[in-house]
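Protein chains in written order, with this note's numbering: chain A, 59 to 560; chain B, 2 to 195. Worksheet: the structure to be examined is printed underneath.
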């Protein structure tokens, strides 16, 4: 409680408020512009936070991750173009409301449902963290090794990518992490005699190349504006916005179900906001006495969609903070930020750096409150950002990426690495490899090796150490189950593909 | 259509093969080290290489292709809605058609060009040149408007990175022209002796 009180006091310091405001502003803008989203926003800001007080950096990242999907509701409602993939279901009822002249009401509903969903999930997270800290005590090095493998599997499995390619990408990521000096052996491996590789490949140029520059290549080569059409500025005035904001309480059941689905789905690595969004919308429709209203501009549809996609924030933080297993792109960048600021997720973070944990939790809540106010006040105006042509955005993203990558180590070759990662990342995505599993493999590779070697040291070289601990056995059963389920899915998909060809 | 599919498959195979070569180089390269230093590269590398070999075989075999092109996950039974598919396509960069490959290479050429320019003349000169050139040539913005955007961005750039964040940015390989800003940069070594 003392740590919470300290963190709360600290949050109201001018520097903290400025950091949360920065995160919120960047998150909303990148959420509103379709195709950008929180991962690119966090990736671009990541290098510039190097050297900052880690707590301020966490406020910025928490601000971005907490607000991007709320911002994405604006073009979803006013332009029928979801700002992020987690806002797709918001278009089903939001846009029909806008066409009826109720865009303001829809924005009010979305802002309010997002805020309440986030609050719900963050409370659940805060309640579960002490439990997770106790649970962590049961984890030894062999369990951590299996957990890393399970994390990679789960991300691949739940992110709807091809399992074989996802696992191969994860494996390649772990192998790339082996380059350079190893903290386990204090020797350099796979350095090819290059001085540049002595410290290994830095995660920042890799992340910027994969997530920001390769995305730039993808959307610049398409051209045009991402959202088509004219942004509606007429959202019906503040009364309509406030009406929507208050009306959310008429849909308590949908709100609670959506928040719960979002929190649980968020905690599953790889699932994230998009899955939560669909699950919540579908279940609200199935449970409704008037399912025919969904998709026609029904307020409950917006509540279901927006409460779930924002409630994922609390859930998704749980595996990252507790086990250091990032479940989605946002969390990969958050993990990278941890590495950059010398923070070790897991026991050390939960026991010794509670100030960081509370900064993230309060940062998400603070940014969400600010976003709700901003959307209620200026949602219609902000929607104009959705139609900013890509041709203006692309060179700015390139400039920010280059400067950011250089700023970390003042090494111009890091920029070259980011440029190489950009085309590599684009080619991998085109070939169907999920970049996220590669980067998660890269981020967790060091931890995987450390726990593997530590396990063997503990057991005196006996490999049975990986198969005898109760936690390891549970994790192995889950891994086998996940693989079996995935294989079944792949075989069925193959059979269907053959049927179609026949 | 067939031509395009063939080209896509060839490109896929090139990517798979490149990953396989990379993975095998780790597995084989690990032999140069002793004891436990070789363990994880092999424990991870061998299954990864087998998976990649399987992906290549599956790509070439009509009977197995579905195994590496289907999603092969929990959600296989749940077809995404058209909206979701469209959004996913937008976000993944997939759906770049054959004609667009030229655009992809053009955009990548701009990135490489920006890097080379930065390497030689440094950020303070390269950023305005790249911005103006990209906006005029690639984005087809009118030169006057592009100049205005460039000047505004340059002023913000100087304000944020130079005055507020006080970043020491790369000055370029040119001989020192404007101390601290243009020229006089020394390259960090890539290889011993280079």
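Glycine included, C-beta positions come from ideal geometry on N, C-alpha and C.
TODO: Using a threshold of 7 Å, state whether the C-beta atoms of residue 117 of chain A and residue 78 of chain A are closer than that.
DONE: When the beta-carbon positions are compared, residue 117 of chain A and residue 78 of chain A come within less than 7 Å of each other.
Open item on the list: With H, G and I counted as helix, E and B as strand and the rest as coil, what does DSSP make of residue 182 of chain B?
Closed with: Look at residue 182 of chain B here: in three-state DSSP terms it is coil, with no helix or strand label.
Task: Residue from A:75, A:158, A:213 whose Cα sits closest to the Cα of residue 298 of chain A - done: Taking each of A:75, A:158, A:213 in turn and checking the Cα distance to residue 298 of chain A, the smallest one comes out for A:158.
TODO: Would you tell me roughly how many angstroms separate the C-alpha atoms of residue 394 of chain A and residue 474 of chain A, rounded to the nearest one?
DONE: Just so you know, the alpha carbons of residue 394 of chain A and residue 474 of chain A end up roughly 19 Å apart.
TODO: Out of B:151, B:34, B:132, B:119, state which residue places its alpha-carbon closest to the alpha-carbon of residue 188 of chain B.
DONE: Taking the Cα of residue 188 of chain B as reference, the smallest distance to any Cα among B:151, B:34, B:132, B:119 is reached at B:119.
Task: Closer than 8 Å at the beta carbon, the chain B residues around residue 449 of chain A - done: Contact note: residue 449 of chain A reaches chain B through 136, 139, 140, 141, 142, using a C-beta cutoff of 8 Å and chain order.
TODO: Keeping to the same chain, check which residues put their C-beta closer than 6 Å to that of residue 170 of chain A; ignore five residues upstream and five downstream.
DONE: For residue 170 of chain A, where only same-chain residues beyond five positions count, the Cβ hits under 6 Å are 303, 306.
TODO: Taking residue 488 of chain A as part of the alpha helix (DSSP H), name the residues at either end of that continuous run.
DONE: Run containing residue 488 of chain A: 470-488, per the alpha helix (DSSP H) assignment.
Task: Beta-carbon gap between residue 108 of chain B and residue 278 of chain A smaller than 7 Å - done: Yes, Cβ-Cβ distance for residue 108 of chain B and residue 278 of chain A is below 7 Å.
Open item on the list: Here's the rule I'm using: 16 or more other beta-carbon atoms within 10 Å means buried, otherwise exposed. How should residue 310 of chain A be labelled?
Closed with: Around the beta carbon of residue 310 of chain A, fewer than 16 other beta carbons lie within 10 angstroms, which makes this residue exposed.
Task: Neighbourhood of residue 73 of chain B by C-beta distance below 8 Å, restricted to the same chain and skipping five residues each side - done: Residue placement at residue 73 of chain B is flagged as unreliable, the pLDDT there being 45, under the threshold of 50; a coordinate-derived value is accordingly withheld.
Open item on the list: Using the three-state DSSP reduction, which class does residue 67 of chain A fall into: helix, strand or coil?
Closed with: Helix at residue 67 of chain A.
Open item on the list: Can you list, in chain order, the residues of its chain with a C-beta nearer than 7 Å to that of residue 178 of chain B? Leave out the 5 residues immediately preceding and following it.
Closed with: The residues are 184.
- [ ] Could you tell me which chain B residues have their CB closer than 7 Å to the CB of residue 247 of chain A, listed as they occur along the chain?
- [x] Within 7 Å of the CB of residue 247 of chain A, the CB atoms of chain B belong to 34, 38, in sequence order along the chain.
- [ ] Could you name the residues of chain A that residue 30 of chain B contacts, counting a contact when the two beta carbons are closer than 7 Å?
- [x] Simply 248.
Open item on the list: With distance defined between alpha-carbon atoms, name the residue in A:214, A:428, A:365, A:156 nearest to residue 178 of chain A.
Closed with: Comparing Cα-Cα distances from residue 178 of chain A to each of A:214, A:428, A:365, A:156, the minimum goes to A:365.
TODO: Entirely within the stretch 390-471 of chain A and at least 4 residues each: give me those alpha helix (DSSP H) ranges in chain order.
DONE: Those alpha helix (DSSP H) runs which fall completely within the stretch 390-471 of chain A and span 4+ residues are 405-410, 412-440, 448-467.
TODO: With DSSP as the reference, please indicate the residues paired to residue 192 of chain B in a beta bridge.
DONE: Paired residue(s): A:252.
Open item on the list: My output table needs one value for residue 247 of chain A: the three-state DSSP class, helix, strand or coil.
Closed with: Shown here, residue 247 of chain A sits in a strand according to DSSP, grouped into three states.
TODO: Answer with yes or no whether the minimum CB distance from residue 500 of chain A to chain B is below 7 Å.
DONE: Output row for residue 500 of chain A: interface = no.
TODO: Check each residue of the stretch 127-139 of chain A: if its Cβ is closer than 8 Å to any Cβ of chain B, include it; give the result in chain order.
DONE: Nothing from the stretch 127-139 of chain A brings a Cβ to less than 8 Å from some Cβ of chain B.
Open item on the list: Quick check on residue 236 of chain A - is its C-beta less than 7 Å from some C-beta in chain B?
Closed with: So, interface residue.
- [ ] State the DSSP-derived secondary structure class of residue 130 of chain A, mapped to helix, strand or coil.
- [x] Residue 130 of chain A: coil per DSSP, three-state reduction.
Task: Residue burial classification, residue 410 of chain A (beta-carbon count within 10 angstroms, cutoff 16) - done: It counts as exposed.
Task: Which of helix, strand or coil DSSP assigns to residue 283 of chain A - done: At residue 283 of chain A, the pLDDT of 49 sits below 50, so the modelled position is not reliable; the number obtained from the coordinates is stated separately. For residue 283 of chain A, the three-state secondary structure derived from DSSP is coil.
Open item on the list: Applying the 10 Å Cβ sphere with the 16-neighbour rule, what's the burial state of residue 544 of chain A?
Closed with: Its Cβ being crowded by 16 or more others within 10 Å, residue 544 of chain A is buried.
- [ ] Run down chain B in chain order and give the residues with a C-beta less than 9 Å from the C-beta of residue 485 of chain A.
- [x] The contacting residues are 12, 15, 16, 19.
Open item on the list: Could you compute how far the alpha carbon of residue 89 of chain A sits from the alpha carbon of residue 80 of chain A?
Closed with: Going by C-alpha positions, residue 89 of chain A is about 14 Å away from residue 80 of chain A.
Open item on the list: With three or more beta-carbon pairs closer than 8 Å as the criterion, would you say the stretch 143-154 of chain A touches the stretch 382-393 of chain A?
Closed with: With the cut-off at 8 Å, the stretch 143-154 of chain A and the stretch 382-393 of chain A do not touch.
Task: Inter-residue Cα distance where the pair is residue 111 of chain B and residue 104 of chain B - done: It is roughly 11 Å from the alpha-carbon of residue 111 of chain B to the alpha-carbon of residue 104 of chain B.
TODO: Select from the stretch 146-179 of chain B all residues with a C-beta closer than 8 Å to any C-beta belonging to chain A, and list them in chain order.
DONE: Of all residues in the stretch 146-179 of chain B, only 150, 154, 158, 162, 166, 168, 169, 170, 171 place a beta-carbon less than 8 Å from a beta-carbon of chain A.
Open item on the list: Let me make sure I understand the geometry here. Which of A:414, A:403, A:466 has the alpha-carbon closest to that of residue 107 of chain A?
Closed with: Closest option to residue 107 of chain A, Cα to Cα, is A:466.
Open item on the list: Is there a Cβ of chain B sitting closer than 7 Å to that of residue 188 of chain A, yes or no?
Closed with: Not a single CB atom of chain B sits nearer than 7 Å to the CB of residue 188 of chain A.
Task: Bounding residues of the alpha helix (DSSP H) (the contiguous stretch that carries residue 110 of chain A) - done: Where residue 110 of chain A is concerned, there is no enclosing alpha helix (DSSP H), given that its DSSP letter is neither H nor E.
TODO: Using alpha carbons as the reference points, say which of A:111, A:176, A:98, A:105 lies closest to residue 419 of chain A.
DONE: With distances taken between Cα atoms, residue 419 of chain A lies closest to A:176.
Open item on the list: Rounding to the nearest angstrom, what Cα-Cα distance links residue 356 of chain A and residue 362 of chain A in this structure?
Closed with: Across the structure, residue 356 of chain A and residue 362 of chain A are spaced so that their CA atoms are roughly 10 Å apart.
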